[in-house]
Amino acid sequence: MDSPAFPPLPPSPSPQTSRRTWLAMTGALGLTSLAHPAWAQGSATVLPRASAVPGGVVLLELGPGAQAPQVHTRDAVPVLVVGDPFGWTAVLGIALAAQPGSDSVIVRETQGSTRSIAFDIRDKHYAEQRLKVAPKTVDLSPDDEARYNRERTHQQQVMATVSAPVPPSLRLGVPVPGRRSSSFGLRRVFNGQSRNPHSGMDIAAPTGTPIKAPLAGKVIDTGDYFFNGNTVWLDHGGGFLTMYCHLSAIDCRVGDTLAPGRAFAKVGATGRVTGPHLHWGVMLNRTMVDPALFIA
Numbered sequence: 057m058d059s060p061a062f063p064p065l066p067p068s069p070s071p072q073t074s075r076r077t078w079l080a081m082t083g084a085l086g087l088t089s090l091a092h093p094a095w096a097q098g099s100a101t102v103l104p105r106a107s108a109v110p111g112g113v114v115l116l117e118l119g120p121g122a123q124a125p126q127v128h129t130r131d132a133v134p135v136l137v138v139g140d141p142f143g144w145t146a147v148l149g150i151a152l153a154a155q156p157g158s159d160s161v162i163v164r165e166t167q168g169s170t171r172s173i174a175f176d177i178r179d180k181h182y183a184e185q186r187l188k189v190a191p192k193t194v195d196l197s198p199d200d201e202a203r204y205n206r207e208r209t210h211q212q213q214v215m216a217t218v219s220a221p222v223p224p225s226l227r228l229g230v231p232v233p234g235r236r237s238s239s240f241g242l243r244r245v246f247n248g249q250s251r252n253p254h255s256g257m258d259i260a261a262p263t264g265t266p267i268k269a270p271l272a273g274k275v276i277d278t279g280d281y282f283f284n285g286n287t288v289w290l291d292h293g294g295g296f297l298t299m300y301c302h303l304s305a306i307d308c309r310v311g312d313t314l315a316p317g318r319a320f321a322k323v324g325a326t327g328r329v330t331g332p333h334l335h336w337g338v339m340l341n342r343t344m345v346d347p348a349l350f351i352a
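The sequence shown begins at 57 in our numbering and counts up one residue at a time.
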């Protein structure tokens, strides 16, 4: 029996090929159903709001190409790349400790060549908050210090997670209803001692309030940590992670895949806290960034 004959595939998109032209070519050959869904539907990844400040997000246009290029920070940390062959975008998180000025990323094209893309970081002033907490959570005992160091090593391994595929959207629903009691970037002073700026968003809610997945994700870590209390980490793909702290209950296990809107934990007051709330963190390229930039 003769092998069935297939029409030739159209060429991959190029800088000179518009989405409409490419779809016309595939349609003329009866191949529209073979197109990548993003090309056929004319859709693009829903991106966060750009804010080129410490704790913000930079969106870097990479241009078209048959495959996504690889992008790394100057410290060799992978950067999330989204888009389609008509245009790729690097979504880069800027560390809260970053200084205003110029920085750059390294782009490795699929054919092996490399180039750098520069961008500027603007200054931003964050407010200050003074809190009174139990002295033992500020001046750690030797045992608590050792526990914290063990937990920090483990958390660094969790934060290095980079998986495929990348998410179709980078916009997030709010995981729990409530008042924003503390914003990202707030400079924290505990018992008169300055500490690292606040690396997430606090949402005040009663103990036991269900927390829902703001985006499809996989549970990659759960645990009870000295500062964060009961904690869950979700992996959304491509180094895009979210963290949920101070929980009263954890209703999921490592390896679970969560659909958007699924309840997986409950608000609590575990760890270093002054009352029940959710500490919600968002991470890109191992860097905590402002969750407000991702809220739909």
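For every residue, glycine included, the Cβ atom is placed at its ideal position computed from N, Cα and C.
Going by DSSP, what residues sit across from residue i in a beta bridge?
i    : result
M257 : W336
F246 : L187 and Q249
R171 : V163
S107 : V113
A272 : Bridge partners of A272: none, in fact.
P266 : K322
Y182 : DSSP, once it has assigned bridges, lists no residue as partnering Y182.
V230 : For V230, which the question treats as bridged, DSSP gives no partner whatsoever.
V288 : T278 and Y300
T313 : K274
T343 : L340
By Cβ distance, which residues of its chain are closer than 6 Å to residue i, with the 5 residues on each side in sequence left out?
i    : result
A348 : none
R186 : V245
R105 : L349
V127 : V135, V137, A146, V161 and V163
A183 : L242
D176 : S158
A132 : none
How would you call residue i, buried or exposed, if buried means at least 16 neighbouring beta carbons within 10 angstroms?
i    : result
H335 : buried
A321 : buried
A352 : exposed
R208 : exposed
N252 : exposed
T363 : For the chain, the structure presents residues 57 to 352; residue 363 sits outside this window and is missing.
R269 : This sequence places Ala at residue 269; Arg is not what is there. That one is buried.
H254 : buried
S174 : Reading off the sequence shown, one finds Ala at residue 174, where the question assumed Ser. Exposed, by the Cβ-count rule.
R328 : buried
D291 : buried
A261 : buried
P141 : buried
V222 : buried
S170 : What sits at residue 170 in the sequence shown is Thr, not Ser. That one is exposed.
P22  : Given that the chain is displayed from residue 57 to residue 352, the structure contains no residue 22 and the question cannot be resolved.
A40  : This structure gives no information on residue 40, because the portion of the chain shown stretches from 57 to 352.
A124 : buried
N205 : exposed
Does any CB atom of chain B fall closer than 7 Å to the CB of residue i?
i    : result
W144 : In the structure shown, chain B cannot be found, because there is only a single protein chain.
Leaving out five residues on either side along the sequence, give the residues of the same chain with a beta carbon under 8 Å from the beta carbon of residue i.
i    : result
T145 : T101, L103, L115, L116, E117, L118, V137, V138 and G139
A325 : T263, G285, H302, S304, G331, P332 and H333
D307 : A319, F320, A321 and K322
A315 : A269 and A272
Once DSSP output is grouped into helix, strand and coil, what is the label at residue i?
i    : result
E201 : helix
A348 : helix
V214 : helix
R206 : helix
C301 : strand
V102 : strand
S237 : strand
S225 : strand
D176 : strand
P69  : Confidence at P69 is low in this model, with a pLDDT of 48, below 50, so its placement is unreliable and the value that follows should be read with caution. Three-state DSSP puts P69 in coil, outside helix and strand.
Among residues of its own chain, excluding the 5 on either side of residue i, which ones have a beta-carbon nearer than 7 Å to its beta-carbon?
i    : result
K180 : V109 and P110
W289 : V214, I276, D277, L297 and M299
A202 : none
K188 : N247
P156 : I177, R178 and D179
For the ligand SAM, is there a heavy atom less than 6 Å away from the beta-carbon of residue i?
i    : result
G112 : As for the ligand SAM, it is missing from this structure, which has no ligand bound.
Beta strand (DSSP E) segments (min. 3 residues) lying fully within the region 114-157
126-129, 136-140 and 143-149
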